[in-house]
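Residue numbers (the working numbering), protein chains in the order written: chain A, 725 to 1111; chain B, 725 to 1111.
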């Protein structure tokens, strides 16, 4: 187990009806709010009206930034910063999934930065300060509701990059599982795959002796395996939605990373796909994951796959370790397939054409991965195996 | 899964040598420190000297309160409050295990309270404000390093009671596993039993659908089962000490409680034992636990014991649920025994004499337990079975 510093300061209000705390929480930090959201599902399900009513009853003034896309754009960030500056905004409330939250985080950081907010992503500037933000989560997937990460797409340069800031951690997040009951099947499946991928990126690690962290990671995986299919079959099952929602936060609030080297190669490869083809992040991850697993399986990594197979999938230990490992990989692929996820790149409209270019971009600065290093050729092979 | 509010604000600095952050962390809050510790092991192992050197180099002045006993006394609390008031202390650094930390927390709260600090324990006053505290942990057991709980013994009234305050949560905790390498075998065993008991109190719950929390709880149990024996056999095994230390914090920082009704009957029963007989808390818990399990096992609880047996101990599912449950209980008893813990009350000097009195005191205000309610007769039976 490696050294670490634990800091998870976000207060989470979890459960049905927890929106009641909204005004009190916001007023700790400000009263002029930028309300950010996506395509308008919160207008259809009544959440928007509830928020506006709370704002009006509590003398909270607000501006809006809506239409934030999945794979949120730098253009939305710039638009948001402009609104904040023109209206002396002192708090940002992000209502949505990871895209809305990530976009809001960079608006919050960009507000205090004179240059181009893209600088935060290309290593030209570090995030030192940000407007306080809170979130109301409507999609269980990215974990952005409880961490300091943000991923933004720059459509001009066809890049999708991530950054981090301690000050980006939301002050509070309201997690009401009922808000996710109207999430369509496809997004529920993609969200489940995203949560599991976050766990894989931390679980598959060369660090030895982070036993507790590995067992905690398996707990989240087992929860996704239990409840992903239930939420798809019965979207209004509260326990399924609650367990997936809390899993999304636990999977990426730091708990599973502390004390370990992590991997993140699959995310690196997927970001290239969605930067160019704008595919759903969780779908891209699900397609790549089993092929990544097969590619990195070797004498140095096989024991970890055996651990995964036995502890997560209940596969019996047998003499041939590779047999156990391959069964575990197959279980993973079958699970995603069972959620209704298209499991090849071709099915999501990606052909061979730009694979070479994406493999080069993904490894431009350094090899990908902490579990096993991947160079350009490795990435290309994984892309090809995923076709 | 029930509603909950998550708040774990303590910053943890984990790993060998993390004491380097001490001065910087303290200076966020103050510069006149009350340094609290126990029997002087920190003088023997050099930790005391390191702290004093850091204080001197960073212009941090300090007073001391030492000799804080296991099962910390109200008298120590009062002494500490007096020192704080006389010396305008603005920060408390607790160096030790749960006893030192708990005592320091009530000093911190008592500093801002005009009345008797025992009021916080008998429901006469609530903790609203406290001096900021930090901890350097030297024993993996109570989890006090990351929560707002404190337990204090009043020797006059022969009572050992607990309280809670949001403001009691340490601002930071330094968790260096090497500090626990000199913990004697008996205390290592008792600490492991204490951690496991904390998990049991939260795991055995009537709440359904807190699936993720239950799997997280099992992760901590498996870690204790893996590393407790290793730390006893090889006290300087870093991975064992690290995993036990981080388990102690995770077991009782709230993570396993959120969204669930919890039990705490075993702790309630044990507090009566140590209030009168001043036994080691973890030993008392280990003695009572298997007998509590046997007593509460019935048609309403058997499924949870089966879950425990299969998931934690790897017992095979079989048709007779009670057989699986009893095997799980036996495994628990054998595990504690294997750590070298005396598994009867008689071995720790407790006979039948005052069992009736303790059973009455334990249930004076209300029945014990959330998993299964225990009245006076239940408690007496469990005490008797533990003789």
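Using N, Cα and C, we set each Cβ at its ideal position, and we do this for glycine too.
None of the values given here were measured: they were computed from a predicted structure.
query                                                                                                                 : result
Exposed unless 16 or more other CB atoms sit within 10 angstroms - verdict on residue 908 of chain B                  : exposed
Reduced DSSP secondary structure (H/G/I, E/B, other) of residue 737 of chain A                                        : strand
The segment 787 to 805 of chain B / the segment 742 to 752 of chain B touching (three or more Cβ pairs under 8 Å)     : no
Top-ranked residue by Cα proximity to residue 1036 of chain B, from B/794, B/946, B/1099, B/920                       : B/946
Chain B contacts from the segment 730 to 748 of chain A (Cβ-Cβ distance under 9 Å)                                    : 730, 731, 732, 733, 734, 735, 736, 737, 738, 739, 740, 741, 742, 745
8 Å Cβ cutoff, residue 727 of chain B in contact with chain A                                                         : yes
Interface positions of the segment 963 to 976 of chain B facing chain A (Cβ-Cβ less than 8 Å), listed along the chain : 963, 966, 967, 970, 971, 974
Proximal residues of chain A, C-beta to C-beta of residue 946 of chain B below 7 Å                                    : 939
Complete runs of the alpha helix (DSSP H) confined to the segment 954 to 987 of chain A [at least 4 residues]         : 962 to 975
Inter-residue spacing [alpha-carbon to alpha-carbon] between residue 1050 of chain A and residue 1059 of chain A      : 14 Å
From B/1077, B/1066, B/1030, B/1072, residue whose alpha carbon lies closest to that of residue 1053 of chain B       : B/1030
Short CB-CB distance (under 8 Å) between residue 864 of chain B and chain A                                           : no
Residue range of the unbroken beta strand (DSSP E) whose run includes residue 816 of chain A                          : 815 to 820
Between the CA atoms of residue 1102 of chain B and residue 1033 of chain A - distance to the nearest angstrom        : 43 Å
Residue 865 of chain A in three-state terms, based on DSSP                                                            : coil
For residue 1079 of chain A, the nearest candidate out of A/1109, A/1057, A/1089, A/778 (CA to CA)                    : A/1109
Residue 939 of chain A, DSSP secondary structure in three states                                                      : helix
Contacting residues, own chain, Cβ-Cβ under 8 Å from residue 978 of chain B (five flanking each side not counted)     : 730, 731, 732, 871
Three-state secondary structure assigned by DSSP to residue 990 of chain B                                            : helix
Proximal chain B residues relative to residue 942 of chain A, where beta-carbon distance stays under 8 Å              : 939, 943
Terminal residues of the alpha helix (DSSP H) in which residue 896 of chain B lies                                    : Not the alpha helix (DSSP H): residue 896 of chain B falls in the beta strand (DSSP E), residues 896 to 899.
Residues that DSSP places opposite residue 787 of chain B in a beta bridge                                            : B/758
Three-state secondary structure assigned by DSSP to residue 837 of chain A                                            : coil
Minimum Cβ-Cβ distance from residue 1041 of chain A to chain B less than 8 Å                                          : no
Chain A within 8 Å of residue 928 of chain B, Cβ atoms only                                                           : no
According to DSSP, residues forming a beta bridge with residue 1092 of chain A                                        : A/1098
Pair within 8 Å by beta-carbon distance, residue 889 of chain A and residue 831 of chain A                            : no
Contact with chain A by residue 935 of chain B, beta-carbon distance below 8 Å                                        : yes
Exposure label - residue 812 of chain A; buried when at least 16 CB within 10 Å                                       : exposed
8 Å Cβ cutoff met for residue 983 of chain B and residue 726 of chain B                                               : yes
Residue range of the unbroken beta strand (DSSP E) whose run includes residue 886 of chain A                          : 883 to 888
Close Cβ partners of residue 989 of chain B (< 7 Å) along its chain, the five nearest in sequence each way excluded   : 1016, 1092, 1093, 1098
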